[in-house]
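K.L.:
Residue numbers (this note's numbering), protein chains in the order written: chain A, 135 to 652; chain B, 242 to 556.
For every residue, glycine included, the Cβ atom is placed at its ideal position computed from N, Cα and C.
Dropping the structure in here first, questions after.
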Amino acid sequence: MNKKMFPLLASLVLGAGLLSACGSSNPETAAQSPDSAATAKNVHFLYNFATSSLDPHVDSSYVPLRAGITETLVRLDEENLTVAPWLAESWDSEDGQHWTIDLRDDVTFQNGKPMTGDAVKASLERALTESVAIQNALKIDTIEADGDKLSITTTQPFPEFASELVNPNTSIIDVSEPDIVNKPIGTGPFSLTSFTPGSKLEVSRYDGYWDGASPLDTVTFSFNEDANARSLALKSGQVDIVYRPEVESLESLKAIDGMVVESASTFRVHQLTMNMERESIKDLNVRKALDALIDRQGIVDTILLGHAEAAIGPFLPSLPFAPKYDNKATESGSEAAVKHLEAAGYKSENGVMAKDGKPLKLTLLTYSARADLPLIAQVFQSDAKQIGIDVEIRQIDTPEEYMASNRDWDIATYSNLTAPRGDAGYYLNATYHPTGALNFSGSEDPELTAIIDELNLTVAPEKRAVLAEQAANYVHDNVLNSFVLHPSTIVAYNGKKVKNWVSSLSEYYMITNKLDVM
Amino acid sequence: MFRILLRKFSEVFIFLLFIMFVSFLFIRLAPGDPVLTILNVDELSVSQEQVEAMREEMGFNDPLPVQFGSWLLDFVRLDFGTSYSTGQPVMQTLMSALPATAELTLGALLVMLLIAVPLGSLSAVYRGSWIDTLSRMLSIVGAAVPSFWLGLILIDLFGVRFGNLPTMGRDGFASLILPCVTLGLAISSVYVRLLRSSLLDSLSQEFVRSARARGLSEGRIFWLHALRHSLPPVITVFGVSLGSLIGGVVVIEVLFAYPGIGKLVVDAIRQRDYPLIQGYILIMAIVVFIVNTAVDLSYRYLNPEMKLKEKEAHR
Numbered sequence: 135m136n137k138k139m140f141p142l143l144a145s146l147v148l149g150a151g152l153l154s155a156c157g158s159s160n161p162e163t164a165a166q167s168p169d170s171a172a173t174a175k176n177v178h179f180l181y182n183f184a185t186s187s188l189d190p191h192v193d194s195s196y197v198p199l200r201a202g203i204t205e206t207l208v209r210l211d212e213e214n215l216t217v218a219p220w221l222a223e224s225w226d227s228e229d230g231q232h233w234t235i236d237l238r239d240d241v242t243f244q245n246g247k248p249m250t251g252d253a254v255k256a257s258l259e260r261a262l263t264e265s266v267a268i269q270n271a272l273k274i275d276t277i278e279a280d281g282d283k284l285s286i287t288t289t290q291p292f293p294e295f296a297s298e299l300v301n302p303n304t305s306i307i308d309v310s311e312p313d314i315v316n317k318p319i320g321t322g323p324f325s326l327t328s329f330t331p332g333s334k335l336e337v338s339r340y341d342g343y344w345d346g347a348s349p350l351d352t353v354t355f356s357f358n359e360d361a362n363a364r365s366l367a368l369k370s371g372q373v374d375i376v377y378r379p380e381v382e383s384l385e386s387l388k389a390i391d392g393m394v395v396e397s398a399s400t401f402r403v404h405q406l407t408m409n410m411e412r413e414s415i416k417d418l419n420v421r422k423a424l425d426a427l428i429d430r431q432g433i434v435d436t437i438l439l440g441h442a443e444a445a446i447g448p449f450l451p452s453l454p455f456a457p458k459y460d461n462k463a464t465e466s467g468s469e470a471a472v473k474h475l476e477a478a479g480y481k482s483e484n485g486v487m488a489k490d491g492k493p494l495k496l497t498l499l500t501y502s503a504r505a506d507l508p509l510i511a512q513v514f515q516s517d518a519k520q521i522g523i524d525v526e527i528r529q530i531d532t533p534e535e536y537m538a539s540n541r542d543w544d545i546a547t548y549s550n551l552t553a554p555r556g557d558a559g560y561y562l563n564a565t566y567h568p569t570g571a572l573n574f575s576g577s578e579d580p581e582l583t584a585i586i587d588e589l590n591l592t593v594a595p596e597k598r599a600v601l602a603e604q605a606a607n608y609v610h611d612n613v614l615n616s617f618v619l620h621p622s623t624i625v626a627y628n629g630k631k632v633k634n635w636v637s638s639l640s641e642y643y644m645i646t647n648k649l650d651v652m
Numbered sequence: 242m243f244r245i246l247l248r249k250f251s252e253v254f255i256f257l258l259f260i261m262f263v264s265f266l267f268i269r270l271a272p273g274d275p276v277l278t279i280l281n282v283d284e285l286s287v288s289q290e291q292v293e294a295m296r297e298e299m300g301f302n303d304p305l306p307v308q309f310g311s312w313l314l315d316f317v318r319l320d321f322g323t324s325y326s327t328g329q330p331v332m333q334t335l336m337s338a339l340p341a342t343a344e345l346t347l348g349a350l351l352v353m354l355l356i357a358v359p360l361g362s363l364s365a366v367y368r369g370s371w372i373d374t375l376s377r378m379l380s381i382v383g384a385a386v387p388s389f390w391l392g393l394i395l396i397d398l399f400g401v402r403f404g405n406l407p408t409m410g411r412d413g414f415a416s417l418i419l420p421c422v423t424l425g426l427a428i429s430s431v432y433v434r435l436l437r438s439s440l441l442d443s444l445s446q447e448f449v450r451s452a453r454a455r456g457l458s459e460g461r462i463f464w465l466h467a468l469r470h471s472l473p474p475v476i477t478v479f480g481v482s483l484g485s486l487i488g489g490v491v492v493i494e495v496l497f498a499y500p501g502i503g504k505l506v507v508d509a510i511r512q513r514d515y516p517l518i519q520g521y522i523l524i525m526a527i528v529v530f531i532v533n534t535a536v537d538l539s540y541r542y543l544n545p546e547m548k549l550k551e552k553e554a555h556r
C-alpha cells in the first residue's frame, strides 16, 4: 500500500465511524414519536414568542393562559367584543370604585382544590405584589372575600376595572403551590406536565374542568421565534398549528392539501404619530395633507400582502365604540394633499413645497422591531417626494424612549394596541391624555382631555362607548394622529387533523377545551 | 506549571472587574431603560409620573458611579440580582440555560473537527489535487454563506424533504444534529484552510525529513510529528475566536428554537434586562478565560520546545 494513503484512510475511517455514531441513535428517536402519537390525541401548537418563566402574574408572553392552563375572572367575548363572564359569574359597581364580584361555585384548581373567594383573593394579591404593572393597571386598594363573593375597592373611581381583569397577568392560580414559576396550577382545561424554559411546554387534559373536559389528551406548546423555521416545521408535519408563519411562505403552505391559512385583524393599529410641538405639524391643514398622502390600500396590498385592514381610526371597526366614519370619507391621494397644503399657505416652487420661501422638510422616525414600519416609512417618503415634500427617514432603536426624550422629529411610525381588553380607556389615556406615557404627540387638547376625564368617571358600558366614539371622532377630525392599518394575525394549520381551531382577535385564547383532532 | 496557573488566577480577578466595569458603562450609556418594559406600557395604561417614580425607585436616576458602586457591592457578595422580566435570580436562569449552549457548542466543534481535520490533512498531503481544489471551494462557500440561511436549507432538506430530523427544541440527541451541523459547517471553513497551510509548513520542516531518514512510517510521521506540530496556530485561532463562535450560536439558537444562553441574552438586551446582561458577560468572561488558559497550557504539550526552554531558564 502506498504509504501516503495511510493518513487518507485513517481520516476516512475516523470520520465515518463518528458519523455513523451520530446516525445510529436517530432512527431510534424517530421510531418512538409515531408510536406515542397513535395512542394519545395530541395537538402540537407552535407559537412565535418564547418565555423562560411560566409565572402567570409576571410572564408578559401570557403563555399560561394561552396554553389553557390558567383563566381570568372575566374574558373578552370574541364575537361581540365585550367583556364576558369567565371564572366570575357577574360583577357590579355603582360608583366605579366599590366592586362586588360573584364567582362560579363549580370551579376547581388542577390539584382538585375548589376555587374559593379566599383563593381568588390570594391570587390577586400575589399578582399585585409580583407585578408593578398589574398594581398600576388594577389600582386595587382592598380585597375582601366572603364565600364565593369578592368585594374590591379601588384607590379611585375606576370604571375600566372589570375590563382590566381580562389581562392574562391577573390569572387565578392556587398560590399555595410551591413552584409557581415552573409549575403554576390554574383552573383551565389543561394542566402542565413539563416545561423547558425557552423551548416548549407539555400540557395534559384536566378531567375536572368546570366547562367540560377537552377531547384531547395532551397539547404540546412550542416556541420558535423564526418565521421561516415555523413555516418549515408545519410543512414537515412536526407541528399541527403555527402562529404567524412567514408571510412569503403562505402560498406554498396553501398549496399543501388540507392546509388551512386563516387571517384575522387584530386590535393593533400602525399609525403615523404627529409631533404637535413642531411648527409645521401644528397646522391642521398640513396634518390633513400628510394623512391624505398615506396610500393605505397600497400599503396593505404590497407590504402586508393583503394581511391587514386599512385603518381610518384607531379602533378596529368591529369594536362597539368604533366610529362608523360613513359620512366622513376624506379625500386622499396626492391631489388632495396638495389642496390641503395650499390651504395651509404652501406653494409648489420648482417642484418643492414651500411656505414663505421655506421648503417643507420633515423628519420621519421609524424602527425595525416591527418589520413593516420601515417599509411603510419608505412608501410614505416616496409619495411625499412626488408632491415636493422632503422626508428624511431616521431609524431609531427604542421608539418609546427616543420619542419621549427627543423632540427633533415631525412624524413617526408607531404601532399601538388600541383596545386590548375590549375597552378604549387604555389607548385614549396613554396616547392623548397629557399625563399618558405614550403621549408622544405632546397633545394637550383641553376638549379631548375633558372627554377622556369624563370617560374615566363613567361606569355604564353604553355611556363609555359613546364617549370613546366621541374621542375617536375628535382625533379623526383634528388628525391628531394618522392611522394606517390594522395588521392581521395569520395562523396556518393542518385542516386534515385539527378541528375547532378559532383564531382569536385578542390573541389571548388559543388552546381551549373545544380544540380537537379528527 | 503551578506558577503559571497562580499568576493567571491573580490576573483574572482584575480582568473580570475591568470587564464588568466597562460593560456596566456601555449598557447604562446605551439609550433606553427597562422601566417601560417592566410597566408593560405597550398594553397597560401608565402615566408619565408612574414611569418617573419607577425610574427613581430603581435607582436609574442616580449618577453612574453610585449605580456602579451599589452593583459592585452586590457583586462582591456574589449577589447577581434578579431578572427584571421574570423576577428570577439571574445566575439560576443563566446556569439552567448554559448546559444547552455548551452541548450545542461542543457538538458544533465535533462537526467542525470531523470536517476540518480530514479535509485539511488531505488537501495538505495531496496538495494541488482535486481534493485540495474541492476543499478550497467548500471553504469559500462555507465562509460566504450566512449560517441562518444554511440552517434553513438544512431544515428544508433534512426536516421537510428527505428526512424527519427534528427542526427545533432540545429533545435528546436527534434535535442536536441539525443545529450542530449548521454551526459546525459554518465555522469549519476557516479551520480547513488554516490546518492545511499549517500542515504544509510542518511537512517541509527538517524534522520531517530526518524522521523519514530514520525510516519511520508515513503514518507515524504524519500523526505524531507533522500534525502535532501544526496544531498550535489552529488552537490559537480557536481560542481567540471562541467569542465570535458563541456569538454565532445565538443565530442558531433562535433559528432552531434551542433554549440556550444566547437566545436568553438577546431577549435580555431587547428588554434592557441589566442584571441578566451583566450576568451573561460575567459567565462569558470566565468561559473565555478558562479556554484561553487551556489553550496556553496546551502549547506546552504540543510543542515540547517550550518545556525545554523553561527548564533551561530555571537552571
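What span of residues does the alpha helix (DSSP H) with residue 409 (chain B) cover, start to end?
P.N.:
Note, residue 409 (chain B): premise wrong, no alpha helix (DSSP H); not H, not E.
K.L.:
Near residue 315 (chain A), what residues of its chain come up, given a Cβ to Cβ distance below 7 Å and the 5 sequence neighbours on each side ignored?
P.N.:
187, 188, 189, listed in sequence order.
K.L.:
For a contact defined as C-beta to C-beta under 7 Å, what are the partners of residue 266 (chain A) on chain B?
P.N.:
Chain B residues near residue 266 (chain A): 279, 280, 295.
K.L.:
My output table needs one value for residue 545 (chain B): the three-state DSSP class, helix, strand or coil.
P.N.:
Looking at residue 545 (chain B) - three-state DSSP - the assignment turns out to be helix.
K.L.:
Is residue 245 (chain B) helix, strand or coil by DSSP?
P.N.:
Correct three-state label for residue 245 (chain B): helix.
K.L.:
On a Cα-Cα basis, can you pick out the residue from B:422, B:452, B:549, B:333 that is closest to residue 489 (chain B)?
P.N.:
Cα-wise, what sits closest to residue 489 (chain B) is B:422.
K.L.:
With contact counted as at least three CB pairs below 8 Å, one residue from each stretch, are the segment 232-245 of chain A and the segment 272-288 of chain A in contact?
P.N.:
Enough Cβ pairs lie closer than 8 Å, so yes.
K.L.:
Could you tell me the distance, in whole angstroms, from the CA atom of residue 465 (chain B) to the CA atom of residue 411 (chain B)?
P.N.:
For residue 465 (chain B) and residue 411 (chain B), the distance between alpha carbons rounds to 38 Å.
K.L.:
Once you ignore the five residues that flank residue 415 (chain A) on each side, which residues in its own chain have a CB closer than 6 Å to its CB?
P.N.:
Hits under 6 Å: 408, 409, 544.
K.L.:
From residue 260 (chain A) to residue 311 (chain A), what does the alpha carbon distance come to, in whole angstroms?
P.N.:
Those two C-alpha atoms are separated by around 12 Å.
K.L.:
Less than 8 Å between the CB of residue 180 (chain A) and some heavy atom of the ligand PLP, yes or no?
P.N.:
No copy of the ligand PLP occurs in the structure displayed, which carries no ligand at all.
K.L.:
Between which residues of its own chain and residue 79 (chain A) is the CB-CB distance below 6 Å, once the five residues before and five after are set aside?
P.N.:
Lying outside 135 to 652, the shown extent of chain A, residue 79 (chain A) is not represented and no answer is given.
K.L.:
Counting contacts by CB-CB distance shorter than 9 Å, is residue 554 (chain A) in contact with chain B?
P.N.:
Yes, contact with chain B.
K.L.:
By Cβ distance, which residues of its chain are closer than 6 Å to residue 322 (chain A), with the 5 residues on each side in sequence left out?
P.N.:
Excluding sequence neighbours, residue 322 (chain A) sits near 202, 203, 204, 205.
K.L.:
How is the beta strand (DSSP E) around residue 422 (chain A) delimited, first residue to last?
P.N.:
Taken as a continuous stretch (DSSP letters only), residue 422 (chain A) belongs to no beta strand (DSSP E), being part of the alpha helix (DSSP H) at 418-427.
K.L.:
First and last residue of the beta strand (DSSP E) that includes residue 375 (chain A)?
P.N.:
Unbroken beta strand (DSSP E) run through residue 375 (chain A): 375-377.
K.L.:
What is the rounded straight-line gap between the Cα of residue 168 (chain A) and the Cα of residue 232 (chain A)?
P.N.:
Note on residue 168 (chain A): pLDDT 44, under 50, position unreliable in the model; no value is reported.
K.L.:
Put residue 632 (chain A) into one of helix, strand or coil per three-state DSSP.
P.N.:
Residue 632 (chain A) falls in the strand class under three-state DSSP.
K.L.:
Answer yes or no: do residue 429 (chain B) and residue 352 (chain B) have a C-beta to C-beta separation smaller than 9 Å?
P.N.:
Closer than 9 Å, so yes.
K.L.:
Between residue 257 (chain B) and the rest of its own chain, which residues show a CB-CB distance below 6 Å, the 5 nearest in sequence each way excluded?
P.N.:
Hits under 6 Å: 526.
K.L.:
The beta strand (DSSP E) that contains residue 555 (chain A), what's its start and end?
P.N.:
Element bounds for residue 555 (chain A): n/a, residue is neither H nor E.
K.L.:
Given a limit of 7 Å on CB to CB distance, which residues of the segment 628-643 of chain A reach chain B?
P.N.:
Cβ contacts with chain B come from no residue of the segment 628-643 of chain A.
K.L.:
Could you work out which residues of chain A lie near residue 455 (chain B), taking near to mean beta carbons separated by less than 7 Å?
P.N.:
Per Cβ cutoff of 7 Å: no residues; residue 455 (chain B) is ~14 Å from chain A at best.
K.L.:
Among B:534, B:432, B:268, which one has its Cα closest to the Cα of residue 245 (chain B)?
P.N.:
Among B:534, B:432, B:268, the Cα nearest to that of residue 245 (chain B) is on B:534.
K.L.:
Would you say the segment 606-626 of chain A touches the segment 367-383 of chain A, given that touching needs at least three Cβ pairs under 8 Å?
P.N.:
They touch, by the three-pair rule.
K.L.:
Using the three-state DSSP reduction, which class does residue 457 (chain A) fall into: helix, strand or coil?
P.N.:
DSSP places residue 457 (chain A) in coil when its eight states are reduced to three.
K.L.:
Please classify residue 641 (chain A): does DSSP put it in a helix, a strand, or coil?
P.N.:
Residue 641 (chain A) falls in the coil class under three-state DSSP.
K.L.:
Using a Cβ cut-off of 9 Å (strictly closer), state whether residue 189 (chain A) contacts chain B.
P.N.:
By this cut-off, residue 189 (chain A) is an interface position.
K.L.:
Quick test of your reading: residue 277 (chain B) and residue 526 (chain A), contact by CB under 8 Å. State the CB separation rounded to the nearest angstrom.
P.N.:
Incorrect: roughly 26 Å between the Cβ atoms, too far for contact.
K.L.:
Is there a Cβ from chain A that is less than 9 Å from the Cβ of residue 518 (chain B)?
P.N.:
Output row for residue 518 (chain B): interface = no.
K.L.:
Could you tell me whether the Cβ atoms of residue 224 (chain A) and residue 647 (chain A) are closer together than 9 Å?
P.N.:
Result no, Cβ atoms of residue 224 (chain A) and residue 647 (chain A) do not sit closer than 9 Å.
K.L.:
Measuring CB to CB, does residue 376 (chain B) end up less than 9 Å from residue 360 (chain B)?
P.N.:
Yes, the pair counts as a contact, with Cβ atoms nearer than the cut-off.
K.L.:
Which chain B residues are close to residue 270 (chain A), counting only those with a beta carbon under 8 Å from its beta carbon?
P.N.:
Near residue 270 (chain A) (Cβ distances below 8 Å), the residues of chain B are 280, 285, 286, 287, 291.
K.L.:
Could you give the first and the last residue of the continuous alpha helix (DSSP H) run that contains residue 499 (chain B)?
P.N.:
Unbroken run through residue 499 (chain B): none, as it is neither H nor E.
K.L.:
Bridge partners of residue 591 (chain A), per DSSP?
P.N.:
According to DSSP, residue 591 (chain A) bridges with nothing at all.
K.L.:
Do you know how far the Cα of residue 366 (chain A) is from the Cα of residue 276 (chain A)?
P.N.:
The alpha-carbon atoms of residue 276 (chain A) and residue 366 (chain A) are separated by roughly 50 Å.
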